[in-house]
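Residue 37 is where the sequence shown starts when you use the numbering used here, and the numbers rise one by one after that. Ideal placement from N, C-alpha and C gives every residue a C-beta, glycine not left out. One structure is given below, encoded as structure tokens.
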Amino acid sequence: MKLVVFKRRADAGRSATGYRIGALLDDGRIADLTPEFLGSGLSHADILKCWDLALDFLTPAQRAISDGSAVIIERSDVSIEAPVPRPGKLICVGLNYRDHAEESGMAIPASPIIFSKFSTSVIGPEAAIELPVGSSEVDYEAELAVVIGRYGRNIPAGDAMAYVFGYTNINDVSARDMQFADGQWQRGKSCDTFAPMGEFIATADEIADPHGLRISFRLNGETLQDSNTKQMIFQIPELIEFISRTITLEPGDVIATGTPPGVGFARTPKVFLRSGDVSEVEIEGLGVLRNPVIQRWM
Ligand code: ZN
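Here you go:
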């Protein structure tokens with residue numbers, strides 16, 4: 037199932053109670069599954085951190101779609117939000133594609149390089165990436181994001197995929213000037229709007245092999261990254277084992293698994309995001325994550 041978190045246009049601007057959960061149908065419309073979700077004992081607030089409990093609601097949700105009882109909403113009547121609007125942890129993996137490590141002039145890492153983005157950087161599809169005052173080198177990174185569905189610590193690689201709820205697109209937007217001036221990456225990676233995500237979570241059963249997906253990035257329609265997730269140095273089970281050895285993973289945590297070659301700062305000439313640009317991340321089976329870019333003035 038392709039799960040979306042959305043608000044009805046009529047509810048726009050309201051707090052967390054405005055969030056609803058639905059399935060993106062093949063015809064582009066949305067089946068509102070909020071009643072089925074709430075019927076399984078969850079609250080509106082749970083929609084934002086539900087990804088372990090949601091497994092219990094998928095069957096009634098599928099039934100509601102099949103038997104026609106789910107309310108179907110036109111896409112133009114909703115705003116689709118990030119599928120995990122405020123992840124408990126947004127964990128990123130640096131230099132996890134062999135070619136990207138090479139283009140960055142960095143050695144191939146011997147173990148995963150882990151860093152984080154603050155969860156307030158998350159925005160949904162079609163929301164604007166805002167270029168902050170103080171940076172003129174804002175870059176893009178198309179990445180496959182893994183949404184965790186169960187609590188776990190010390191998860192062996194052999195069991196790790198059972199902890200994956202699903203997958204979505206993420207853009208690990210990065211202010212390179214801040215990132216490199218600071219000597220560590222937190223500020224340049226965590227600016228507001230720097231983690232566009234979505235537009236849906238494909239539940240794990242939808243993606244037969246997450247290590248065989250075409251992944252690309254387009255800027256104003258021009259393809260600047262075009263690779264395949266099979267190029268990852270550390271695959272998802274190894275990443276989950278490595279992270280959970282010391283950090284508890286919780287439902288709704290998101291792991292961005294690294295970006296392939298072609299990022300802007302490594303190009304000749306360099307390419308950075310400019311106001312008016314349109315950014316698109318596309319991963320096979322996960323749709324397109326599209327975001328306009330605007331300049332922020334204060
Ligand atoms: Zn990244």
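Straight-line Cα distance separating residue j from residue i
i    : j    : result
E274 : A46  : 44 Å
V209 : F230 : 5 Å
E173 : K225 : 12 Å
E138 : Q220 : 20 Å
D241 : V40  : 16 Å
G75  : L131 : 43 Å
N327 : I206 : 11 Å
R99  : L60  : 15 Å
A244 : P168 : 39 Å
A178 : T70  : 30 Å
A32  : M268 : Any question about residue 32 goes unanswered here, given that the chain covers just 37 to 334.
I150 : G104 : 44 Å
F270 : A196 : 13 Å
I109 : R65  : 6 Å
S112 : A217 : 42 Å
Q215 : E117 : 27 Å
C227 : G323 : 25 Å
P297 : L126 : 22 Å
F73  : A106 : 11 Å
T282 : R223 : 23 Å
K153 : T304 : 27 Å
S102 : P96  : 10 Å
R63  : G321 : The amino acid occupying residue 63 in the given sequence is Asp; Arg does not appear at that position. Near 15 Å, if we compare the C-alpha coordinates of G321 and D63.
R254 : W333 : 25 Å
I272 : A163 : 28 Å
Close Cβ partners of residue i (< 7 Å) along its chain, the five nearest in sequence each way excluded
i    : result
L180 : Y203, P246, L249, I251, T265, T293, I319
F301 : E173, D175, R212
Y199 : I184, G185, R186, G188, I191, I276, L285
S115 : F42, K43, R45, A48
S171 : A211, D213, M214
G234 : I116, A118, P119, G160, P161, T204, N205, L325
S140 : L131, A302
Q331 : L167, S311
M142 : L131
S280 : G188, R189, N190, I191
Supposed contact pair residue j and residue i - C-beta distance, whole angstroms, cut 8 Å
i    : j    : result
A67  : G54  : The Cβ separation is near 18 Å, so there is no contact.
T295 : H136 : 6 Å
F236 : P119 : 6 Å
V329 : I165 : 5 Å
V183 : V290 : 6 Å
V314 : N256 : 6 Å
P232 : L325 : 6 Å
F278 : P148 : 5 Å
Residue i CB to nearest heavy atom of the ligand COA below 6 Å
i    : result
T295 : Questions concerning the ligand COA fall outside what the structure shown contains, since the ligands it does hold are the ligand ZN.
Beta-carbon contacts of residue i that lie in its chain and below 6 Å, excluding the five residues immediately before and after
i    : result
D262 : S252
E286 : G124, Y187
V299 : D175, E177
8 Å Cβ shell around residue i - same chain, five flanking residues per side excluded
i    : result
L94  : M37, T239
Y133 : S263, Q267, M268, I269, G294, T295, P296, P297
>> Under 8 Å: do the segment 143–159 and the segment 182–197 share three or more Cβ pairs, one atom per stretch?
In response: no
> Taking the runs of the alpha helix (DSSP H) that are 4 residues or longer, which of them lie wholly in the segment 170–231?
Replying inline: 212–218, 222–226
>> List, from N- to C-terminal side, the beta strand (DSSP E) runs of 3 residues or more that fit wholly inside the segment 305–333.
In response: 314–319, 324–331
> Hey, which unbroken runs of the beta strand (DSSP E) at 3 residues or more fall wholly within the segment 108–162?
Replying inline: 114–117, 126–130, 149–153
> Whole alpha helix (DSSP H) runs in the segment 245–296 with 4 or more residues, listed along the chain?
Replying inline: 272–280
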